[in-house]
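Remember, the working numbering sits 3 above the position in the sequence shown when you count from 1.
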Amino acid sequence: MAISIRLSRGGSKKRPYYRIVVADARAPRDGKFIEKIGNYNPLLAKDAENRVVLDADRAKHWLSVGAQPTDRVARFLDAAGLRERAARQNPNKGKPGEKATERADERAEKVKAAEEAAAAAKAAPAAEPEAETTEAPAEATAE
4 MAISIRLSRG GSKKRPYYRI VVADARAPRD GKFIEKIGNY NPLLAKDAEN
54 RVVLDADRAK HWLSVGAQPT DRVARFLDAA GLRERAARQN PNKGKPGEKA
104 TERADERAEK VKAAEEAAAA AKAAPAAEPE AETTEAPAEA TAE
């Protein structure tokens, strides 16, 4: 039988509260479990003492028997110093998706076009005022 150490959700809607349980891996998330070894309240501050409460002795026992913790529980066990968690590296995590890169490219093109138009507008008006000052307005001479 595959045994896992995982979270079982409790609490009301929008107010989660989790029990850290040892259960058969095939059992439903909130269903039957073998033993409760702690609890986790994500609504408390990260530095709160009661955010994660874990029975270290029972956790050691279940790890020695071969129970596999989930990723979140492995973090808790690592913080408690019971089990070393291997650091994960995802180099693509910080990269934006396809649509975001397309939008960024479109914005860059628009900004570049606006800069070119502004540069052209700066260069063109400098030459035009000289021409206007030499010519007399047609309406002023007619009167």
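C-beta: ideal position from N, C-alpha, C; glycine also.
Quick caveat: nothing in here was measured; it's all calculated off a predicted structure.
**Item:** Asn18, enclosing beta strand (DSSP E) - first and last residue
**Value:** Correcting the residue type first, residue 18 is Arg in the shown sequence and not Asn. Segment Arg18 to Asp27, the beta strand (DSSP E) holding Arg18.
**Message:** With three or more C-beta pairs closer than 8 Å as the rule, is the segment 10-17 touching the segment 28-45?
**Reply:** Short answer: they touch.
**Prompt:** Exposed or buried, Arg91, counting other C-beta atoms within 10 Å across all chains shown (16 or more means buried)?
**Reply:** It counts as exposed.
**Message:** Just to confirm, is the Cβ distance from Ala70 to Leu85 under 8 Å?
**Reply:** Leu85 sits away from Ala70, with the two beta carbons spaced by 8 Å or more.
**Asked** Using DSSP with H/G/I as helix, E/B as strand and the rest coil, what is Glu38?
**Response** The answer is strand: DSSP assigns Glu38 an E or B state.
**Item:** Proximity of Ala28 and Ile6 at Cβ, strictly below 8 Å
**Value:** One thing to note: Ala28 has its Cβ within 8 Å of the Cβ of Ile6.
**Message:** Please return the same chain residues whose Cβ sits closer than 8 Å to the Cβ of Pro99, not counting the five positions on each side in sequence.
**Reply:** The residues are Ala107.
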